[in-house]
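Heads up: take any position in the sequence shown, counting from 1, add 80, and you land on my numbering. Ideal Cβ positions, reconstructed from N, Cα and C, are used throughout, including at glycine. Notes follow once the structure below has been shown.
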Amino acid sequence: MRGLKKLSAIGLSTVLAFSLAACSGTEKESSNSEKGGDKQEQITLNFWTFGATGYEDLAKAYEEENPNVKIKVRAAETAEHHDALFTALSAGSGAPDITMLEIDQLDRFKVAQDQFENLYDLGAKDIKDQYLDWKWNTGENNAGDFLIGLPTDIGPKALYYRTDVFEAAGLPTEPEEVTNLISTPKAFEEAGIKVKEKTGKPFVDSIEMAFRAYLDAAQETFLNPEGELLLEQDENAVKAAYDYAVHLNELGIVGKFEMWSPEWANAVNKGEFAAELGAGWLKGWMEGNAPEAVGKWRVATLPTEFAANWGGSFISIPKETKNADEAYKFAEWLISPDNQLKSFQTKGLFPSAPAVYDMDAFKNNEDEFFGGQSTAPVFAKAAQDINGAVYKGEKYFPLYQEVLNALKNVQSKGADPEKEWTSAVKRAKDLLNR
């Protein structure tokens, strides 16, 4: 029960507990076939998902192959999904048989690994070599002997750039040329200065994305696995990322378009900034929301210092299930390379299985929005450039927000960067001591 106590200490509301118990279902049939007969008992698996995954269609395909299995898919928004799962685990009832966990939420649930099945006990070791090492290792505990989640989609980052803005700045526009031009953080700055001087437009959309350039590539950020705050150490990845964002802002190449705001969406559509450091899933949003920008964006590889993952998820099995073997069988099938290709083709979920990167349907997937460029290989290279698993910790989001608030004060209010940093560190300490 130690994990439950830790979960409860996070302090999220439990008001959903009763409704969760009702909606999750009570089907707990045995996963064993009837002995002495040909008919298999019917099994119902409750599967909680978030976002637009298309897993409902894959679940139907699985049911056709396994007529004794019924899969009830429950989809929700990301925050709602994880809070509901937290509440169910805290209450000790109402958890699903199978659930998705978003990568930034993963450490929040790892502290209660006793509430999940160890997927190594269910056969996961047999498929480990099919997936990117860093993605697989992220799903393990610190000791490496407990696997809380099977790898699904990932979010390798690349440089999205406007060809018309680059051309107006006298910069090359072909992806390979841009990759060669912007091969280091220094070259990144120099390209930004040219864009600003020639066009008057910012290079990067926001101070947050400038901050994430280095931050997302760090293997430890605000906390280490022992729960120690790292912000005051001399070799501090967060401070390095903070300083770089401040530097880019001082060069005048950082815009004030906050991601997902109406102003940002309009800027993407109209070309009000030159580049975005975005993950593979961003292209799906662009294709559906920037009609005037068709053919004007391309994708190039980021400098290796910025190689990072942003987003992605895992498939986990709560301990509460009475059908662990059947749940695992479905989860393993769901994340297979063939099904990851289908998820990529239908919903843009970027695969974590490298075998997909060699499939013709993946490599030759031309994107009309990106001028006919086949962007998938660019993100595949980015995925394989990532150094290792990233530890974020339970309180990554509130700690991240404190530092981001400091950067916003620097940019919008002209505040002193060092004073803002000192204040952010103090707030971070206070947050951890609550």
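The Cβ atoms of W361 and G235 sit closer than 7 Å to each other. Check the Cα spacing between F386 and each of F442, E256, A290 and F410: the tightest is with A290. In the structure shown, K150 falls within a strand segment according to DSSP collapsed to helix, strand and coil.
T158 and I287 have their alpha carbons spaced roughly 24 Å apart.
By the Cβ-count criterion, F196 is buried, with 16 or more other Cβ atoms from all chains shown falling within 10 Å of its own Cβ.
Sequence-distant Cβ neighbours of S503 in its own chain, meaning closer than 8 Å and more than five residues away, are A486. Non-local beta-carbon contacts of A370 in its own chain, meaning distances under 6 Å to residues more than five positions away in sequence, involve V348 and N349 in chain order. Going by beta carbons, I178 and A433 fall outside the 7 Å limit. Listed in chain order, the alpha helix (DSSP H) elements of length 4 or more contained wholly in the stretch 387 to 431 are 404 to 414 and 417 to 427.
In terms of Cβ geometry, I262 and A249 do not form a close pair [threshold 7 Å]. Residue Y211 holds the alpha-carbon nearest to the alpha-carbon of S416 among G229, T401, V318 and Y211. DSSP places F130 in the uninterrupted beta strand (DSSP E) bounded by I123 to F130. In the DSSP annotation of this structure, the continuous segment of the alpha helix (DSSP H) that includes R292 starts and ends at I287 to L295. Across the structure, L202 and F226 are spaced so that their CA atoms are roughly 11 Å apart. Take A320, set aside five residues on each side of it, and the residues of its chain with a beta-carbon closer than 7 Å to its own are Y294, in chain order.
Distance from E269 to L331 at the Cβ level is roughly 6 Å; contact confirmed, criterion being Cβ atoms closer than 8 Å. Distance from the Cα of K499 is smallest, within the candidate group D323, V245 and A345, for D323.
For Y241, the enclosing beta strand (DSSP E) begins and ends at L230 to R242. Separation of N221 and I228 (C-alpha to C-alpha, rounded to the nearest whole angstrom) is 7 Å. A Cβ-Cβ separation of about 6 Å places A355 in contact with Y240 under the 8 Å criterion. C-alpha of V374 to C-alpha of A132: approximately 23 Å in a straight line. Of all C-beta pairs linking the stretch 157 to 173 to the stretch 443 to 461, fewer than three are shorter than 8 Å, placing the two stretches out of contact.
Using a Cβ distance threshold of 7 Å, P252 and V245 do not count as a contacting pair. Contact check for F394 against L181 passes: the beta carbons are separated by less than 7 Å. In the DSSP assignment, E356 falls within the beta strand (DSSP E) that extends over A355 to A359.
Sixteen is the threshold: since fewer than 16 other Cβ atoms of the shown chains lie within 10 Å of the Cβ of E306, the residue is exposed. For E182, the enclosing beta strand (DSSP E) starts and ends at I178 to E182. A388 is not a Cβ neighbour of W214, given a cutoff of 7 Å. Boundaries of the alpha helix (DSSP H) around W501: P497 to N513. Look at the stretch 313 to 379 and you find these whole runs of alpha helix (DSSP H), each 4 residues long or longer: 317 to 330, 342 to 350 and 362 to 369.
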